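*Asks:* Position 145 of the sequence shown, counting from 1, maps to 1378 under the numbering used here, and the rest follow consecutively.
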Amino acid sequence: MRPPVGEVSRRAPLPRLAFRRLAPLLLLLGLTAPAAGSGLSSEEGYGLLRRLASGSPEERRAAAQALAAARDSSLVPGLVDTYFFLPRGQRADALAALVALTGERPGERYHDWVELVGRRRDLAPKPGYLAFKAELLARIDPRFKAILYDGAPARVRPEEIVFGGVPVEGIPALDRPAHIPASAASYLSDAERVFGVSVKGETRAYPLRILDWHEMVNDVVGGEPVTLSYCTLCGSGVLYATRGADGSERTFGTSGLLYRSNKLMVDRQTRTLWSNLTGEAVLGPLADAGPHGFARLPVLPVVVTSWREWRTRHPATTVLALDSAMERRWGFRYLPGAAEQRRAGVAFPVWLRSGALDPKAEIYAVRLGERAKAYPVERALQERVINDTLGGEPLVVVADPGSGAVRAYRRGDRTFRPGPAATELADAAGRRWTVGEEALAPASPDPEIPPLPRLPGHTSFWLGWYALFPQSELYGGPPR
């Protein structure tokens, strides 16, 4: 297997001056070599971390000294979590212990150490880690204890799960929000970006100026319950079907937690954590691999386009209504770009990166089974039509430079080129096809030529996509 495309090492040495400041502490702790072994019980180890998190300066120094002397690297994940909660001016002892226990000096920031733990799989936490992590986070919101607990099935490393800056449901999801006809949406300008959704013939638009604040919509479209989950940090808005095989409906909220800068949703029925980008249950009851495997939400197509393009294509569409009461209650400003201004400069740790594209480069992501591919949106808009294959399956990616919209379809044995209009393609025989929301269909219906189904692609930043799909193919990149 080839190494991930353009992987960039995240090892950044601690500035020499900073390490010189740590040297006396390391000597005081009696440490000059990395730790090994597991000399402390869970009760002893997490007890020392509690003293480090809450004690007096003298108690913190003694706890750091005992942690380092124990040479127990399984306490590093808990020590990194504790480091986050220490005031910046009181981190020196903990930092010295981290350097001593790992033998590395990645930096002084909390993010540096989360990334180190991410790339060091040997730093597996001691039993009791999830309960200790929840205990720390409960200082912010006690509800974290219902999500993180010992024995919870996990499909990701819990030590890479970090606090995202808000409590549970601290970013309010929109639950079956009010919507209005396109003709009544005077608050939207033609150029504004919207998520466009079509389910069983019903169309709806979700303006980014609203989703930038709420990041989650639980709705019903075409009679089907759906969740539109939008991770603003990784630029991914993904539409999921949320009706279970037994007919039950699942609704989601913001957990307040992140994994590699990707939003983790929490379902309100079981308190399971789910990945915004993969749709997989990653921690909690539904992450358990039972007889039918772990839970994964079905992905539905969604497009990011201009309001003008969407309403022109779909005159009968509905669109979210502005909720002034919600705006006032939460202190939001439903204006284009307002949410982006408020979170400017916010970043979270991601250790798995690739230099193949700019981290914030927008890609269009397609998954077929276990295969995944990223298409740089800028290149797709230039080429307009990309005839490609993924895992042996022929597909076509269709991009509209006028609106920025990108869609993907299965193409069978056909090859397409741009048609006479933005909403049309032409095949090798010159036959015209209409670019629809649910299928690519012959412009002149023919019972002998079935429509080609749309694929459930979506956009994302390269940073967010690669962190969760490092084995993804990259259009225009080296073959995998």
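Every residue, glycine too, gets a C-beta built ideally from N, C-alpha and C. Since the model is a prediction, treat every value here as computed from it, not as a measurement.
From this set, 1639, 1593 and 1563, which residue's C-alpha is nearest residue 1405's C-alpha?
*Replies:* The residue with the shortest Cα to Cα distance from residue 1405 is 1563.
*Asks:* If you reduce the DSSP assignment to three classes, tell me which class residue 1496 lands in.
*Replies:* strand
*Asks:* Indicate whether residue 1701 and residue 1510 have their beta-carbon atoms separated by less than 8 Å.
*Replies:* Yes. Within cutoff.
*Asks:* Once you ignore the five residues that flank residue 1258 on each side, which residues in its own chain have a CB closer than 7 Å to its CB?
*Replies:* Legend: pLDDT at residue 1258 = 49, less than 50; position of this residue unreliable, value from coordinates given subsequently. Correct list, in chain order: 1325, 1326 and 1329.
*Asks:* Below 8 Å on the Cβ atoms is my guess for residue 1381 versus residue 1367; work out the distance and round it to an integer in Å.
*Replies:* 4 Å
*Asks:* Would the segment 1500–1509 count as touching the segment 1585–1604 if we require 3 or more Cβ pairs under 8 Å?
*Replies:* No: the two stretches stay apart, fewer than three of their Cβ pairs being nearer than 8 Å.
*Asks:* Considering Cα atoms alone, identify which of 1314, 1572, 1429 and 1622 is closest to residue 1349.
*Replies:* 1314
*Asks:* Over the uninterrupted beta strand (DSSP E) stretch that includes residue 1413, give me the two end residues.
*Replies:* 1412–1414
*Asks:* With DSSP as the reference, identify every bridge partner of residue 1667, one or two as the case may be.
*Replies:* 1657 and 1674
*Asks:* Quick one: Cα of residue 1697 to Cα of residue 1497, how far?
*Replies:* 13 Å
*Asks:* Can you give the Cα-Cα distance for residue 1711 and residue 1704, rounded to whole angstroms?
*Replies:* 12 Å
*Asks:* Determine the closest residue to residue 1461 out of 1486, 1699 and 1643, with distance taken between C-alpha atoms.
*Replies:* 1486
*Asks:* Let me confirm a value: residue 1345 is counted as buried when at least 16 other C-beta atoms fall within 10 Å, else exposed. Which label applies?
*Replies:* Per the 10 Å Cβ criterion, buried.
*Asks:* Using only CA atoms, which one of 1659, 1709, 1376 and 1442 lies nearest to residue 1612?
*Replies:* 1709
*Asks:* If you pair each beta-carbon of the segment 1473–1482 with each one of the segment 1438–1450, do three or more pairs fall below 8 Å?
*Replies:* Judged by pairs of C-beta atoms under 8 Å, the segment 1473–1482 does not touch the segment 1438–1450, as fewer than three such pairs exist.
*Asks:* Using the DSSP secondary-structure output, state which residues sit across from residue 1692 in a beta bridge.
*Replies:* 1597
*Asks:* Do residue 1614 and residue 1643 have their C-beta atoms within less than 8 Å of each other?
*Replies:* no
*Asks:* Identify whether residue 1707 lies in helix, strand or coil by the three-state DSSP scheme.
*Replies:* strand
*Asks:* Are three or more beta carbon pairs between the segment 1405–1419 and the segment 1515–1522 nearer than 8 Å?
*Replies:* Judged by Cβ distances under 8 Å, the segment 1405–1419 makes no contact with the segment 1515–1522, as fewer than three pairs qualify.
*Asks:* Are the CB atoms of residue 1316 and residue 1343 within a distance shorter than 8 Å?
*Replies:* yes
*Asks:* Less than 8 Å separating the beta-carbons of residue 1646 and residue 1634?
*Replies:* no
*Asks:* On a CA-only basis, which of 1290, 1288 and 1331 is nearest residue 1300? Give me that one, please.
*Replies:* 1331
*Asks:* Which residues share a DSSP beta bridge with residue 1408?
*Replies:* Residue 1408 pairs with 1451.
*Asks:* Just how far apart, CA to CA, sit residue 1434 and residue 1449?
*Replies:* 22 Å
*Asks:* Within its chain, find whatever has a CB closer than 6 Å to the CB of residue 1270; leave out the 5 residues flanking it on each side and keep chain order.
*Replies:* Caution is warranted here: a pLDDT of 49 is assigned to residue 1270, below 50, making its placement in the model unreliable, and the coordinate value is therefore given only provisionally. Excluding residues within five positions, the ones whose Cβ falls inside 6 Å are 1304.
*Asks:* From which residue to which residue does the alpha helix (DSSP H) around residue 1546 run?
*Replies:* 1540–1546
*Asks:* Under the assumption that residue 1436 contacts residue 1550 (Cβ atoms under 8 Å), give the Cβ distance between them as a whole number of angstroms.
*Replies:* 4 Å
*Asks:* If distances are taken between C-alpha atoms only, which option among 1586, 1465, 1309 and 1409 comes closest to residue 1456?
*Replies:* 1409
*Asks:* Identify every run of the alpha helix (DSSP H) within the segment 1422–1489, keeping only runs that are complete inside it and at least 4 residues long; order them along the chain.
*Replies:* Runs found: 1441–1447.
*Asks:* Return yes when the Cβ of residue 1695 is within less than 8 Å of the Cβ of residue 1741, no when it is not.
*Replies:* The question about residue 1741 has no answer here: the residues shown for the chain are numbered 1234 through 1713.
*Asks:* Tell me the rounded alpha-carbon separation between residue 1690 and residue 1286.
*Replies:* Distance between the alpha carbons of residue 1690 and residue 1286: 44 Å.
*Asks:* Would DSSP call residue 1584 helix, strand or coil?
*Replies:* coil
*Asks:* Rounded to the nearest angstrom, what separates residue 1272 and residue 1307 at their Cα positions?
*Replies:* 10 Å
*Asks:* Return the residue from the list 1653, 1466 and 1566 that minimises the CA-CA distance to residue 1397.
*Replies:* 1466
*Asks:* What runs of the beta strand (DSSP E), each 3 residues or longer, lie entirely inside the segment 1591–1654?
*Replies:* For the segment 1591–1654, whole beta strand (DSSP E) runs of length 3 or above, ordered along the chain, are 1595–1601, 1604–1609, 1618–1623, 1626–1633, 1638–1643 and 1649–1651.
*Asks:* Would you mind reading off the limits of the alpha helix (DSSP H) that contains residue 1702?
*Replies:* First-last for residue 1702: undefined, no H or E at that position.
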